[in-house]
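Input: a single structure, listed below in structure tokens.
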Amino acid sequence: MGKRPNFLVIVADDLGFSDLGAFGGEIATPHLDTLAHAGLRLTNFHTAPTCSPTRSMLLTGTDHHIAGLGTMAETLAPEQIGKPGYEGHLNDRVVTVAELLREAGYQTLMAGKWHLGLTCEQAPHARGFERSFALLPGAANHYGYEPPETADRPGVLKVTPALYIEDHTFVSSLPADFYSSDAYADKLIGYLADRDRDRPFFAYLPFAAPHWPLQAPAELVAHYRGRYDAGPEALRQERLQRLKALGLADAHVQAHPVQASTPEWQALSPQQRAISARTMEVYAAMVERMDWNVGRVIEQLRAAGDLDDTVILFMSDNGAEGALLEAFPKFGPDLLGYLDSHYDNSLENIGRANSYVWYGPRWAQAATAPSRLYKAFTTQGGIRVVAFVRYPGFARQAQVGDAFTTVMDITPTLLDLAGTSHPGTAWRGRPVAPPRGRSWAGYLAGRDHAVHDAQAVTGWELFGMRALRQGDWKAVYIPPPAGPGTWQLYNLASDPGEVHDQARTQPDTLNTLIEHWHQYARETGVVLADSGPARVHDTGAAVPQHAAAG
């Protein structure tokens, strides 16, 4: 076997499909743009609707209901507690790609967000990473700032402490100049500089940006001052036009209409518009800072002579986050009152360590268009995400690829490229689940025109929202009152925005897909929750709650 490639997998947290310049965005992302244009930009790559389920699928190659994150740990319903696949952390029924690559002779390194278990026994070092610096929960203040603990602290903040661990030791304090994206890049650069050069490496860099709370250095926020004063709909139209010009969206695509309970831009007061635009400015600065840190890691690889020997995969973990945290029934007035008392969300302070803001449904849908909705939904806006892969050894370079792919494909792809394989149904004396994804190796080499054939079936479920795709047909179920509470049917080849429901005109096709979904649910152990906490999405309707820290 020839020289085995290194691997660098970079994950952004809640990044929108069109945020990067190479994908139609106006945000300054020169380092990621250079990599994306040199590689293969994926326009049909899919994840789970939220982060921890996606991360479990990425690292194991199988469905999150099998891997232990059937739902997010923060949102287990009574019906799901104690059921297989709902442990709330990576369970023993799966083996990770880090464990398998380490066994195959790779050095395994990680710095970033984990969200797959909160204890030392569930941390990255216990699942195959030789060196790791990890944020264990789903979110935290990017500067490590925490107000004093008080009795009125809402649950949304109680589940997002800045809990870090390095290797097997919890971090007792963070440096004064801590900023999450900088810290993760610093750690990974250090691990790469000190690495064992007799072995190839697998490096995993899952950022916590641009997940809320939206926070970024003031000098970067200033780069975007006034850029978003025309509002989210103007940005949405700009992005759509650039997607079309770049060949990333069909020239005649019909974008799904915006769904939001928040007022139109013109109905906001000048102060409200200024605050909303500032949140988007901070978001953009977070993305720019993440890109800068990617550039630092790339420079480390270049200086060490490793860049062209490294397969680089970049992706978001789900669609853009459109949640209105203030609309959570569990947190609503208590959350806003707490923030008013303990944070400074004045216009001048938004983005600083002691501010706590999010940007809402309209900005999110500017980034997911032409797709429908955003994170937490099984519609395309929640599960079709930005992704690209770059490696000089691949035949598919400087191209746009429209083959259907999923996050479950990553583990089998890396193992294939490393010249090793998944053990199948047993590993080290215990049963494990085989991958449900497929390797991209033949596709990347130009031998294959697709990764999954037209008969392949892929299912989704989270918070009671469901979807099933076979070929170009997709069935979607969004429970009431956020959705109709009936199955809808779309042909994504002609209707990627999921605008025209064909359930009545194509009943046989829909029934076939529904049967496939029930088979998927049986195979993966889906447990639908009949009760439990509700989350108000920005459509103004309550649906099963997704994690406060997702």
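Anchor point for the sequence shown: position 61 equals 513 in the numbering used here, and the numbering is continuous, going up by one each time.
Glycine included, C-beta positions come from ideal geometry on N, C-alpha and C.
The structure displayed is predicted, hence computed values, not measured ones.
Based on the DSSP output, what are the partners of residue i in its beta bridges?
| i | result |
| --- | --- |
| Trp-939 | Tyr-929 |
| Glu-913 | Arg-918 |
| Ala-464 | Ser-768 |
| Leu-869 | Paired residue(s): none; Leu-869 is not in a bridge. |
| Thr-858 | His-498 |
| Leu-492 | Val-841 and Gln-851 |
Run through DSSP, which three-state label would residue i get?
| i | result |
| --- | --- |
| His-567 | coil |
| Pro-426 | The chain is shown from 453 up to 1002; residue 426 falls before or after that span and cannot be answered. |
| Arg-605 | coil |
| Gln-559 | strand |
| Thr-762 | strand |
| Arg-899 | coil |
| Ser-728 | helix |
| Ala-745 | As written in the sequence, residue 745 is Asn, which differs from the Ala given in the question. Looking at Asn-745 - three-state DSSP - the assignment turns out to be helix. |
| Arg-880 | coil |
| Pro-457 | coil |
| Gln-1014 | The chain is shown only over 453 to 1002; residue 1014 falls outside these bounds and no answer can be derived. |
| His-498 | strand |
| Arg-507 | helix |
| Leu-472 | coil |
| Gln-907 | coil |
| Val-979 | coil |
| Gln-532 | coil |
| Gly-789 | helix |
| Leu-698 | coil |
| Ala-775 | coil |
| Gln-514 | First, the residue type needs correcting, since residue 514 is Thr and not Gln in the sequence shown. Residue state, collapsed to three classes: coil. |
| Glu-690 | helix |
| Tyr-1062 | With the chain covering 453 to 1002 only, the question about residue 1062 has no answer from this structure. |
| Ala-578 | helix |
| Val-549 | helix |
| Met-738 | helix |
Our contact map puts residue i next to residue j with C-beta atoms below 8 Å; I'd like the distance itself, whole angstroms only.
| i | j | result |
| --- | --- | --- |
| Leu-484 | Phe-766 | 6 Å |
| Gln-706 | His-594 | Wrong, their Cβ atoms sit about 37 Å apart, outside the cutoff. |
| Arg-842 | Ile-764 | 5 Å |
| Gly-590 | Cys-503 | 6 Å |
| Gly-520 | Gly-540 | 7 Å |
| Pro-662 | Asp-465 | 7 Å |
| Lys-827 | Ala-772 | 6 Å |
| Leu-472 | Ala-488 | 7 Å |
| Leu-492 | Phe-846 | 7 Å |
| Ala-870 | Ala-556 | 6 Å |
| Arg-814 | Ser-823 | Contact doesn't hold; Cβ gap of about 15 Å is too wide. |
| Glu-1009 | Glu-690 | In the structure as shown, the chain begins at 453 and stops at 1002. Residue 1009 is therefore absent and cannot be evaluated. |
| Gly-468 | Ala-697 | Between Ala-697 and Gly-468 the Cβ distance is about 18 Å, and since that is not below 8 Å, they are no contact. |
| Phe-459 | Leu-866 | 6 Å |
Can you give the Cα-Cα distance for residue i and residue j, rounded to whole angstroms?
| i | j | result |
| --- | --- | --- |
| Pro-669 | Arg-730 | 13 Å |
| Glu-531 | Arg-545 | 21 Å |
| Asp-646 | Ala-755 | 13 Å |
| Pro-501 | Thr-831 | 8 Å |
| Asp-769 | His-794 | 30 Å |
| Ser-983 | Ile-930 | Summary for Ser-983: the model assigns pLDDT 43, below 50, so the residue's position carries little reliability; its value from the coordinates is reported in the next sentence. Answer to the nearest angstrom: the Cα atoms are 16 Å apart. |
| Tyr-895 | Ala-701 | 21 Å |
| Val-673 | Glu-733 | 6 Å |
| Arg-918 | Arg-974 | 14 Å |
| Pro-505 | Tyr-972 | 16 Å |
| His-508 | His-704 | The amino acid at residue 508 is misidentified as His; the sequence shows Ser. Between Ser-508 and His-704, the C-alpha separation is close to 36 Å. |
| Ile-462 | Trp-892 | 17 Å |
| Ala-908 | Asp-515 | 15 Å |
| Gly-454 | Gln-724 | 59 Å |
| Val-549 | Arg-605 | 38 Å |
| His-901 | Ala-955 | 30 Å |
| Ser-470 | Gly-537 | 33 Å |
| Asp-861 | Thr-602 | 44 Å |
| Glu-716 | Met-742 | 30 Å |
| Tyr-942 | Leu-914 | 19 Å |
| Phe-585 | Glu-618 | 4 Å |
| Leu-570 | Thr-523 | 15 Å |
| Leu-644 | Leu-753 | 8 Å |
| Pro-709 | Gly-683 | 16 Å |
| Leu-825 | Gly-916 | 16 Å |
Closer than 7 Å, CB to CB, is residue i near chain C or not?
| i | result |
| --- | --- |
| Leu-759 | You won't find chain C in this structure, because it holds only one protein chain. |
Segments assigned alpha helix (DSSP H), at least 4 residues, entirely inside the stretch 813 to 849: 832 to 835
Inside the stretch 580 to 659 only - beta strand (DSSP E) runs reaching at least 3 residues: 583 to 587, 616 to 618 and 653 to 658
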